[in-house]
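**Q** Take a look at the following structure, please.
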Amino acid sequence: MIHLKKDGQVELSRNLQIATAVLDRLGFCIFVAFPILDDETAFSEVANMINSKYDTNFDINEILAGGQEVLKLEKAFNQRAGITKAQDRLPEFFKEEAVAPHNVTFDFTDEELDKTLEF
């Protein structure tokens with residue numbers, strides 16, 4: 238089961254967070270997000286939709302950069318609010334308690350998690 242392996246998960250998490258931030262920024266409902274994220278051609282159609290509505294010429298990379306900017310702003314807001322890296326962590330039980338049905342624990346290091354928001 239590929240989804241239980243660590244390989245590629247940091248990059249996948251980063252990309253999903255960026256895509257979700259784009260969709261949130263555009264006002265898409267979470268129920269629309271799932272089919273958009275499951276279709277590799279859908280984001281280019283989102284770009285076409287934005288360009289048609291606002292008479293712009295954004296490409297998909299510019300739109301995804303907007304998602305990165307949202308995540309950077311959220312991170313900066315949290316830092317200004319006094320949230321440190323030590324506080325921005327998952328509870329320890331994620332690493333200690335196995336989850337059924339596969340009986341696996343969360344085995345990512347804090348350093349690996351920090352990489353999900355490195356741009």
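When we follow our numbering, the leftmost residue of the sequence shown carries the number 238, and every step to the right adds one. Yeah, the Cβ is synthetic: ideal placement off N, Cα and C, and Gly gets one too.
1. Got a sec, what are the start and stop residues for the alpha helix (DSSP H) L241 sits in?
2. Leaving out five residues on either side along the sequence, give the residues of the same chain with a beta carbon under 6 Å from the beta carbon of F331.
3. Tell me, please, which residues DSSP counts as bridged to V341.
4. For L260, count neighbouring Cβ atoms within 10 angstroms of its own Cβ and tell me buried if that reaches 16, exposed if not.
5. Please report how far the alpha carbon of L308 lies from the alpha carbon of E282, in whole angstroms.
6. Measuring only from the beta carbon, is E348 closer than 7 Å to any heavy atom that is part of the ligand HEM?
7. If D296 sits next to A284, beta carbons under 8 Å apart, how far is it from one beta carbon to the other, in whole angstroms?
**A** According to the data block:
1. Looking at the DSSP string, L241 is not in any alpha helix (DSSP H), and its letter there is neither H nor E.
2. F343
3. V336
4. buried
5. 22 Å
6. The ligand HEM is not part of the structure shown, which contains no ligands of any sort.
7. 6 Å
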